[in-house]
């Protein structure tokens, strides 16, 4: 599984005073919607996939710029899956997705010590009691969240 950026890393400058939990291109105001924050910090995956699509690559480029400009910031990567498949399958794919995101961030120049993979996942309640019944709901569940913190 080779994951590579589709274009060179954009040269951007960031305001180092931005709050650690504010998405990159969002204004630092109280009006910032939590749904926008979650969207900016979520990398979505297709069913059964670990490949990061173009939209995810673009989000991770922005996160890389921010992390390189703010070496005291760290990210924890939390993997989530939909409620289809066995628990062991979902754990394995969540970990592979986390590894793919961490690898791409490192490819974009983020030091390894700023990336903390979280080895847990959430998959609803499994096939017997699905948390979602629609394709749209399951798509949102298949993600890796980029969670900011400070060393």
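Residue numbers (UniProt numbering): 1 to 151. Where a beta carbon is used, it is the ideal one built from N, C-alpha and C, also for glycine.
Check whether residue i and residue j have beta carbons under 8 Å apart
i           : j           : result
residue 104 : residue 76  : no
residue 74  : residue 114 : yes
residue 101 : residue 43  : yes
residue 95  : residue 79  : yes
residue 151 : residue 72  : yes
residue 41  : residue 145 : yes
residue 50  : residue 106 : no
Limits of the beta strand (DSSP E) - the one that residue i falls within
i           : result
residue 213 : With the chain running from 1 to 151 in the structure shown, residue 213 is simply not present.
Local conformation of residue i per DSSP, three classes
i           : result
residue 80  : strand
residue 142 : coil
residue 125 : Note on residue 125: pLDDT 48, under 50, position unreliable in the model; the coordinate value appears next. Residue state, collapsed to three classes: strand.
residue 132 : coil
Opening and closing residue of the alpha helix (DSSP H) in which residue i lies
i           : result
residue 34  : 34-40
residue 161 : Any answer about residue 161 is impossible in this case: the structure gives the chain only from 1 up to 151.
Residues bridged to residue i [DSSP beta-bridge criterion]
i           : result
residue 149 : 74
residue 116 : 76
Chain-order list of residues whose beta-carbon lies under 6 Å from that of residue i (same chain, five-residue window excluded)
i          : result
residue 47 : none
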